[in-house]
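For the sequence shown, my numbering gives the first residue as 735, with consecutive numbering after it. First the structure, in the form of structure tokens, and then the observations on it.
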Amino acid sequence: MNKYDALFEDENDIFGGTPKSKFWDIVNQANDDLVKDQFDIIFQKFAVMEIMLREHYSDEEIDKKMKNLFYADIDELENHKKSLYIEFTGDIICRLDS
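See the structure below:
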């Protein structure tokens, strides 16, 4: 056992778990109105990105490109998802005291 392993044995440790699990830990503890507002911001970003893509591609082309990207580099996709979970978790935490 590494001399620092004991620091990470606590299941409530902020640094333990995955970005996805920590996101859901925070979401489940935060005020419902704050979480709903934050999800609205996420959906707004998603909608803006879809509108931007539709300026250049049809819905079918977008779906095809998304499927191709998903299967082409799943590691990059997973890493980006982790980054987004961390970003969204940080956004919620920053708003907790507001």
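C-beta atoms are modelled at their ideal positions from N, C-alpha and C, and glycine is treated no differently. Quantities reported herein were computed from a predicted structural model and do not represent experimental measurements.
For His814, the uninterrupted alpha helix (DSSP H) run begins and ends at 808-829, by DSSP. Residue environment analysis places Thr823 among the buried positions, since at least 16 neighbouring C-beta atoms fall within 10 angstroms of its C-beta.
DSSP places Glu789 outside both helix and strand once states are collapsed to three, so it counts as coil. Within its own chain, the residues whose Cβ lies closer than 8 Å to the Cβ of Lys799, once the five positions on either side in sequence are excluded, are Tyr791, listed in chain order. When rounded, the separation of the alpha-carbon atoms in Val761 and Ile826 is 8 Å. Taking the Cβ atoms as the reference, Lys754 lies roughly 5 Å from Tyr819, within the contact range of under 8 Å. For Ala764, the secondary structure class from DSSP, reduced to helix, strand or coil, is coil.
With a 10 Å radius around the Cβ and a threshold of 16 neighbouring Cβ atoms, Phe757 comes out buried.
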